[in-house]
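Enquirer:
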Amino acid sequence: MPCQAPEERIRNFREVALGYTEEQAVLEAQRCLQCKKPKCRDGCPVEVLIPEFIQAVAERNFAEAAAQLKEKNALPAVCGRVCPQESQCESKCIIGIKSEPVAIGRLERFVADWEMAQEGQMAKEKCTSATSTVSPKGKKVAIIGAGPAGLTCAADMARLGYDVTVFEALHVAGGVLMYGIPEFRLPKAIVEKEINTLCQLGVNVQVNMVGGKTFTVEELQQKGYEAIFIGTGAGLPNFMGIPGENFCGVFAANEFLTRTNLMKGYDFPNALTPVRAGSKVAVLGAGNVAMDAARTALRLGAEEVSIVYRRSEKEMPARAEEIEHAHEEGVQFKVLTNPVEIVGDEQGWVKGMRCLRYELGEPDESGRRRPVAIDGSEFFMEVDTVIVAIGQGPNPLVTQSTPGLELNRKGTIYADEEGRTSLEGVFAGGDIVTGAATVILAMGAGKKAARAMDQYLQSK
Amino acid sequence: MYPIVKKVVLSSAVKEFEVRAPMVAEKAQAGHFFIMRANERGERIPLTIADYDREKGTITTIIQELGASSTLVGQMEEGDEILDFVGPLGVPSEIELFDGPTVLVGGGIGIAPIFPIARALKAAGNEVISIIGARNKDLLIWEEKMASVSDKLIVCTDDGSYGRQGFVTDALKDLYAERGKLAAVWAIGPMPMMRAIANVTRPWAVKTIVSMNPLMMDGTGMCGACRVQVGEETKFACVDGPEFDGHLVDFDLAIKRLAIYKDQEKRALAALEHKGGHCGCQ
Chain A
1 MPCQAPEERI RNFREVALGY TEEQAVLEAQ RCLQCKKPKC RDGCPVEVLI
51 PEFIQAVAER NFAEAAAQLK EKNALPAVCG RVCPQESQCE SKCIIGIKSE
101 PVAIGRLERF VADWEMAQEG QMAKEKCTSA TSTVSPKGKK VAIIGAGPAG
151 LTCAADMARL GYDVTVFEAL HVAGGVLMYG IPEFRLPKAI VEKEINTLCQ
201 LGVNVQVNMV GGKTFTVEEL QQKGYEAIFI GTGAGLPNFM GIPGENFCGV
251 FAANEFLTRT NLMKGYDFPN ALTPVRAGSK VAVLGAGNVA MDAARTALRL
301 GAEEVSIVYR RSEKEMPARA EEIEHAHEEG VQFKVLTNPV EIVGDEQGWV
351 KGMRCLRYEL GEPDESGRRR PVAIDGSEFF MEVDTVIVAI GQGPNPLVTQ
401 STPGLELNRK GTIYADEEGR TSLEGVFAGG DIVTGAATVI LAMGAGKKAA
451 RAMDQYLQSK
Chain B
461 MYPIVKKVVL SSAVKEFEVR APMVAEKAQA GHFFIMRANE RGERIPLTIA
511 DYDREKGTIT TIIQELGASS TLVGQMEEGD EILDFVGPLG VPSEIELFDG
561 PTVLVGGGIG IAPIFPIARA LKAAGNEVIS IIGARNKDLL IWEEKMASVS
611 DKLIVCTDDG SYGRQGFVTD ALKDLYAERG KLAAVWAIGP MPMMRAIANV
661 TRPWAVKTIV SMNPLMMDGT GMCGACRVQV GEETKFACVD GPEFDGHLVD
711 FDLAIKRLAI YKDQEKRALA ALEHKGGHCG CQ
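Note that the protein sequences, when read in sequence, are chains A and B.
Residue numbering for the first sequence follows the working numbering, starting at 1 and increasing by one per position.
Residue numbering for the second sequence follows the working numbering, starting at 461 and increasing by one per position.
1) Looking only at its chain, what residues have a beta carbon closer than 8 Å to the beta carbon of B/Ala685, apart from the 5 residues adjacent to it on each side?
2) Measuring only between beta-carbons, confirm whether A/Val191 sits less than 9 Å from chain B.
3) With a cut-off of 8 Å on the beta carbons, I'd call A/Arg319 and A/Asn270 a contact; round off their distance for me.
4) Can you tell which of A/Lys448, A/Met209 and A/Pro84 has its C-alpha closest to the C-alpha of B/Ala544?
5) Leaving aside the five residues before and after A/Glu183 along the sequence, list all residues of the same chain whose C-beta is less than 7 Å from its C-beta, in chain order.
6) I'd like to know if B/Gly534 contacts chain A, where contact means its C-beta is closer than 9 Å to some C-beta of that chain.
7) Assign B/Ala644 to one of three DSSP states: helix, strand, or coil.
8) Sorted by chain position, which residues of the same chain lie with C-beta nearer than 6 Å to A/Phe268's C-beta, five sequence neighbours on each side aside?
9) Let me make sure I understand the geometry here. Which of B/Ala584, B/Ile522, B/Lys612 and B/Ser610 has the alpha-carbon closest to that of B/Gly433?
10) Would you grab the beta carbon distance between A/Pro51 and A/Gln34 for me? Rounded to a whole angstrom, and I think it's under 8 Å.
11) With 16 as the cutoff for other CB atoms within 10 Å, does A/Ala310 come out buried or exposed?
12) Just checking: is the beta-carbon of B/Gly737 within a distance shorter than 9 Å of some beta-carbon in chain A?
13) Taking C-beta to C-beta, are A/Asp431 and A/Gly212 nearer than 9 Å?
14) Would you call the stretch 644-660 of chain B and the stretch 704-724 of chain B in contact, with 3 or more CB pairs under 8 Å?
15) Is there a Cβ from chain D that is less than 9 Å from the Cβ of B/Val546?
16) Taking the beta strand (DSSP E) that A/Gln392 falls in, what are its first and last residues?
17) From B/Gly527 to A/Lys188, what does the alpha carbon distance come to, in whole angstroms?
18) Give the DSSP bridge partners of A/Cys3, in chain order.
19) If we cut at 9 Å on Cβ distances, does A/Glu255 have a partner in chain B?
20) Would you kindly work out how many angstroms separate the C-alpha atoms of A/Ile374 and A/Phe256, rounded to a whole number?
21) What is the rounded straight-line gap between the Cα of B/Ile591 and the Cα of B/Met606?
22) If you measure between the beta carbons of A/Glu168 and A/Gly161, is that distance less than 9 Å?
23) Could you please tell me which residues of the stretch 392-417 of chain A, in chain order, have their CB closer than 7 Å to any CB of chain B?
24) Contact check, A/Val205 vs A/Val250 under 8 Å by CB: the rounded distance?
25) Excluding sequence positions up to five away, which residues of its chain have a Cβ less than 7 Å from the Cβ of A/Met122?
26) Bridge partners for B/Glu478 per DSSP, in chain order?
27) For B/Glu587, go through chain A and note every residue whose CB falls closer than 7 Å to its CB, in chain order.
28) I need the boundaries of the beta strand (DSSP E) containing B/Leu635, first residue and last residue.
29) How many Å lie between A/Leu69 and A/Leu441 at the Cα?
30) Mapping DSSP to helix, strand and coil, what is B/Leu600?
31) Is there a Cβ from chain B that is less than 9 Å from the Cβ of A/Thr273?
32) Counting C-beta neighbours from all protein chains within 10 Å, is the total for B/Thr668 16 or more, i.e. buried, or is it exposed?
33) Within the chosen definition, does the stretch 718-736 of chain B reach the stretch 687-694 of chain B through at least 3 CB pairs nearer than 8 Å?
34) Tell me, please, whether the stretch 482-491 of chain B touches the stretch 505-520 of chain B by the rule of three or more beta-carbon pairs shorter than 8 Å.
35) Are A/Ile228 and A/Val426 closer than 9 Å when you measure CB to CB?
36) Tell me whether the beta-carbon of B/Ala631 lies closer than 9 Å to the beta-carbon of B/Thr562.
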């Protein structure tokens, strides 16, 4: 797929991958074998009609392709960009055994973008007021959290004819798609368009509404919401628990990314929220969030950016494409390395990290080889900024304010496969159930929960 | 949108706003804060709730113009609408009936957020002694409101232009000498003032609660900007606070963390004053 050249793109926030042309898309689609029992679909958490939409692309019937795609996926332009396809649909592609699998993700992106282009420039109006669409089922459903899980659940419930209201704590809908994933990987205008499409389905989105604070689950029930989906996502960033982690210049990846993406810190001072990358940056962790933070730091002008990870590159949880892009852009990979202390100067600013080198031992319960510190390997790494990207714990606001809601050991919400919680009529999915995971898994959870909510409401 | 129903200019840089935000007003309690964003350009600013009126559906707050975003708010007028207003956030003050006098210390614009706590303590049957202070008479706010909820009110100004001359810490020391026993102290004001109060009460072992105002963005625990070192623990002011045990807070670090974006803030203010910036002064 065509991309902006690395030396060019590290100086801007524009999208890195440029997408297929029509010709490229059709050629790629024609490689699909149209398997009778498509394995690719099994690999997709939201069960996208993959062979069907690819067939339509091969026939140049892009409108049909879009219709097939959106049958199951409320956010195709998002998924086409951020899904880890190589470990999902594309990993199951039969062609992939002998050569490159069909580029399902890129085709998905092409179709979604084609459709958006047809619709022309849609107004970016915020959909904060109720629409006048009549809900055929006459039942009110509330969704707490407008991230990938909540939006998917909302879309499916609206399609089923329910009167859906989404409550979002931030001032825009989208969740991690807006605050976390950088513009250069997922343009915010695309997220906004996808959300507008939801509003056209009749979904009512109310921003500035903090579940557990502005309202509680119980109050929603009293107001006549007959089923409630909790998709409040991850919260409370994890820290290493090492000395010095509150020094100035140590940031949670979420702070760094939210300042840059949601608050448009890269456009400071036109946008008034500042962001600071420093010149020598260490990013702790090696997931997608870590890659996003490292590449963002480069674009904000940092001279030297390193990913510091205690395992090897093989174990990194980030998408292959993101790791590759980070390499191309000059991010350094300091693997088998972990800090034991963050050292600050007299002004309270970070000046470096005391680190240990690691080697890999036997596999642990995660199946990955366990990193073991090497005795006497300590060294000092000079940095002026540390960005911590080692995951998040669950957001406590809704769970604390909902008596009777059963939790897992780590404070996430207990929910069964279909998203049913211990409270009748209350469902949950996404990171608040699983702990920090991917966009597509959260969407899959939202979808399953919608099905279960429909069953529940039908049988009531 | 959230209309400003009343604006009072308390001094050149300090403004009192009453904003219509019924859902926030319905839930607001002493110790809570909220987050607002003036317009599309503005930052999300956390502000303490100084008062609320559930019937009118309004929240009252005091804002001091320091950086670009607070200046943007300070320039808004009655009838203008605030784009985003979210809350109430944080853990409310723990109000109980104490065995002895409770002391409320408010410094500068910190007098405003101490008011609802004083009122709640009074309503719970406590003896409420309030000490309020400012650099000079012109900067002193809400004296009457504080008097209305206090059994005793002590007013201090640094320059002696009103009330007793000196710092709130001096007044607190005198009060302790006079009363011998204090049940609890709440202190809200600039970080150095809260640190000074905590240092004064530490040897007395009097429960001392301070309200931290670190940098913050989402206010729901997501971003981790508002970390406060409390004893051995890292706490998030937005979900664990904003009130903490003043004897355990690492104020030195908190003060340094507040200044992380100081240089950028200067640039933003310069840009704002030059109507959008790009004037070359950055």
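Every residue, glycine too, gets a C-beta built ideally from N, C-alpha and C.
Expert: Considering the structure as presented:
1) By 1-based counting over the second sequence, the position of residue 685 of chain B is 225. Around B/Ala685: Pro674, Leu675, Met676 and Met677.
2) Residue 191 of chain A sits at position 191 when you count from the first residue of the first sequence. It does not; no Cβ of chain B falls within 9 Å.
3) As a first step, residue 319 of chain A must be located in the first sequence, where it is residue number 319. As a first step, residue 270 of chain A must be located in the first sequence, where it is residue number 270. So it is not a contact: roughly 31 Å between Cβ atoms.
4) Within the second sequence, numbered from 1, the residue matching residue 544 of chain B stands at position 84. Before going on, a small fix: residue 544 of chain B reads as Asp here, not Ala. The residue with the shortest Cα to Cα distance from B/Asp544 is A/Met209.
5) Counting from 1 along the first sequence, the entry for residue 183 of chain A is found at position 183. Only Phe13 and Asn261 meet the Cβ criterion.
6) Here residue 534 of chain B is taken as the residue at index 74 of the second sequence, counted from 1. Cβ-Cβ to chain A under 9 Å: no for B/Gly534.
7) Your numbering for residue 644 of chain B matches position 184 in the second sequence. The answer is strand: DSSP assigns B/Ala644 an E or B state.
8) On the first sequence, position 268 is the one that residue 268 of chain A refers to. Answer for A/Phe268: Pro274, listed in chain order.
9) This structure gives no information on residue 433 of chain B, because the portion of chain B shown stretches from 461 to 742.
10) The sequence position of residue 51 of chain A within the first sequence is 51, counting from 1. The sequence position of residue 34 of chain A within the first sequence is 34, counting from 1. Approximately 5 Å separates the beta-carbon atoms of A/Pro51 and A/Gln34; this is inside 8 Å, confirming the contact.
11) Against the first sequence, residue 310 of chain A aligns to sequence position 310. In the sequence on display, residue 310 of chain A carries Arg and not Ala. Looking at its Cβ environment, which holds 16 or more other Cβ atoms inside 10 Å, A/Arg310 is buried.
12) Locating residue 737 of chain B in the second sequence gives position 277, where the first residue counts as 1. In this prediction, B/Gly737 has a pLDDT of 43, which is less than 50 and means its spatial position is unreliable; what the coordinates show is noted afterwards. For B/Gly737, the answer is yes, since a Cβ of chain A falls inside 9 Å of its Cβ.
13) Taking the first residue of the first sequence as 1, we reach residue 431 of chain A at position 431. Taking the first residue of the first sequence as 1, we reach residue 212 of chain A at position 212. Their beta carbons are not under 9 Å apart, which means A/Asp431 does not touch A/Gly212 by this criterion.
14) The stretch 644-660 of chain B is in contact with the stretch 704-724 of chain B.
15) In the structure shown, chain D does not exist; the protein chains are A and B.
16) Residue 392 of chain A sits at position 392 when you count from the first residue of the first sequence. Element bounds for A/Gln392: Gln392 to Pro394.
17) Against the second sequence, residue 527 of chain B aligns to sequence position 67. Against the first sequence, residue 188 of chain A aligns to sequence position 188. The alpha-carbon atoms of B/Gly527 and A/Lys188 are separated by roughly 27 Å.
18) Locating residue 3 of chain A in the first sequence gives position 3, counting from the first residue. In DSSP, A/Cys3 forms a bridge with A/Ala17.
19) What you label residue 255 of chain A is simply residue 255 of the first sequence in a count that begins at 1. At least one chain B Cβ lies under 9 Å of A/Glu255.
20) Here residue 374 of chain A corresponds to residue number 374 of the first sequence, with the count starting at 1. Here residue 256 of chain A corresponds to residue number 256 of the first sequence, with the count starting at 1. Spanning the two alpha carbons is a distance of roughly 31 Å.
21) The residue labelled residue 591 of chain B in the question sits at position 131 within the second sequence. The residue labelled residue 606 of chain B in the question sits at position 146 within the second sequence. Looking at the two C-alpha atoms, the distance is approximately 9 Å.
22) Counting from one through the first sequence, the residue named residue 168 of chain A turns up at place 168. Counting from one through the first sequence, the residue named residue 161 of chain A turns up at place 161. A/Glu168 places its beta carbon 9 Å or farther from that of A/Gly161.
23) Asn395, Pro396 and Leu397
24) Taking the first sequence and counting its residues from 1, the one referred to as residue 205 of chain A is at position 205. Taking the first sequence and counting its residues from 1, the one referred to as residue 250 of chain A is at position 250. The pair is not a contact, with the Cβ atoms about 34 Å apart (cut-off 8 Å).
25) One-based indexing of the first sequence puts residue 122 of chain A at position 122. Per-residue confidence for A/Met122 stands at a pLDDT of 36, beneath the threshold of 50, marking its modelled position as unreliable; no derived number is given.
26) Taking the second sequence and counting its residues from 1, the one referred to as residue 478 of chain B is at position 18. In the DSSP output, where bridge partners are listed per residue, B/Glu478 has B/Lys466 and B/Thr520.
27) For the purposes of this step, residue 587 of chain B is identified with residue 127 of the second sequence, where counting begins at 1. Result: empty, since nearest Cβ-Cβ is about 32 Å, beyond 7 Å.
28) Against the second sequence, residue 635 of chain B aligns to sequence position 175. Looking at the DSSP string, B/Leu635 is not in any beta strand (DSSP E); the run it does join, the alpha helix (DSSP H), is Val628 to Arg639.
29) Taking the first residue of the first sequence as position 1, residue 69 of chain A is located at position 69. Taking the first residue of the first sequence as position 1, residue 441 of chain A is located at position 441. Straight-line spacing of the CA atoms in A/Leu69 and A/Leu441 works out to 17 Å.
30) If you number the second sequence from 1, residue 600 of chain B lands on position 140. Coil at B/Leu600, not helix or strand.
31) Here residue 273 of chain A refers to the residue found at position 273 of the first sequence. At least one chain B Cβ lies under 9 Å of A/Thr273.
32) Numbered from its first residue, the second sequence carries residue 668 of chain B at position 208. Flag for B/Thr668 reads buried.
33) In short, these stretches do not touch, since the Cβ pair count stays below three.
34) yes
35) Locating residue 228 of chain A in the first sequence gives position 228, counting from the first residue. Locating residue 426 of chain A in the first sequence gives position 426, counting from the first residue. In this structure, A/Val426 lies closer than 9 Å to A/Ile228 by Cβ.
36) Walking along the second sequence from the start, residue 631 of chain B turns up at place 171. Walking along the second sequence from the start, residue 562 of chain B turns up at place 102. No, these two residues do not count as a Cβ contact at 9 Å.
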